[in-house]
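Q: This structure is in structure tokens; I'll ask about it shortly.
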Amino acid sequence: MLYSKAAEYAIRAMVYLSEQPPGELIQLKDVAEKENIPFHFLAKTMQILSRKGLVRSHRGPRGGFCLSRKPEEITLYDIVDPIDHIANYDEICILGIDVCSDEAACPLHDDWTKIRAQIRLTLEGKSLAQMVGKLEEKRRIVAEKGLQ
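According to my numbering, the sequence shown is numbered sequentially starting from 1.
Spelled out as structure tokens, the structure:
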């Protein structure tokens with residue numbers, strides 16, 4: 001896996017919110033239920049996304065969450081980085097070696113540097129709107145072909 005379970009849950013929750021009418025408040029329990037995500041885990045994840053300005057939260061009986069920006073303006077990187085701190089991946093050796101840099105490289109350093117760059121470009125290049133479009137297409141194909 002390229003990112004944590006929390007980042008996966010964050011992506012799924014944000015895609016779900018993207019599929020709702022703009023500005024409509026969705027209760028966290030509904031997101032957790034529809035996406036099969038543990039409620040308390042999701043609550044902590046959504047707090048992080050709220051602090052980063054990706055979602056707005058409103059308390060109270062009619063409260064909930066909604067996107068704070070258009071789905072076209074939010075990338076997967078915007079979602080995953082606050083959860084998994086991808087920006088710090090450059091400082092982490094894939095082999096767990098304490099000192100690993102361009103000057104003192106581990107055996108996988110050069111390869112891992114290229115892979116990290118490609119992962120980042122991919123996450124930065126995919127918006128929530130693109131994800132929703134691809135998922136709608138996938139659901140249509142699954143329904144047409146009777147796949148499960």
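Every residue, glycine too, gets a C-beta built ideally from N, C-alpha and C.
Please read these numbers as outputs of a predicted model, since none were measured by experiment.
Can you find at least 3 beta carbon pairs, one from the segment 51–67 and one from the segment 97–115, that sit closer than 8 Å?
A: Contact between the segment 51–67 and the segment 97–115 is absent, because fewer than three Cβ pairs lie under 8 Å.
Q: Enumerated in chain order, which unbroken segments of the beta strand (DSSP E) with a length of 3 residues or greater are wholly contained in the segment 11–62?
A: Runs of the beta strand (DSSP E) inside the segment 11–62: 55–58.
Q: Below 8 Å, can you find three or more Cβ-Cβ pairs linking the segment 27–38 to the segment 8–17?
A: Contact between the segment 27–38 and the segment 8–17 is present, because at least three Cβ pairs lie under 8 Å.
Q: Where do the ends of the alpha helix (DSSP H) carrying Leu128 lie?
A: It spans 128–145 - the alpha helix (DSSP H) in which Leu128 sits, taken as one unbroken run.
Q: Short check: CB of Val55 to CB of Cys66, under 8 Å?
A: Yes; because the gap between Cβ atoms is below 8 Å, this pair is in contact.
Q: Over what stretch of residues does the beta strand (DSSP E) that includes Leu67 continue unbroken?
A: That run of the beta strand (DSSP E) goes 64–67.
Q: Please say whether Ile48 and Ala13 have beta carbons closer to each other than 8 Å?
A: Not a contact, by the Cβ cut-off of 8 Å.
Q: Have a look at Lys138 and Val132 and give me their C-alpha separation to the nearest angstrom.
A: Whole-angstrom Cα-Cα distance: 10 Å.
Q: Can you tell me which residues form a DSSP beta bridge with Thr113?
A: DSSP, once it has assigned bridges, lists no residue as partnering Thr113.
Q: Going by C-alpha to C-alpha distance, which of Ile94, Ile86, Tyr9 sits closest to Lys44?
A: Checked all of Ile94, Ile86, Tyr9; the closest Cα to Lys44 is Tyr9.
Q: To which residues of the same chain is Ile26 closer than 8 Å at the C-beta, ignoring the five residues directly before and after it?
A: Counting only Cβ-Cβ distances below 8 Å, and skipping sequence neighbours, we find Tyr16, Leu17, Gln20, Gly64, Phe65, Cys66.
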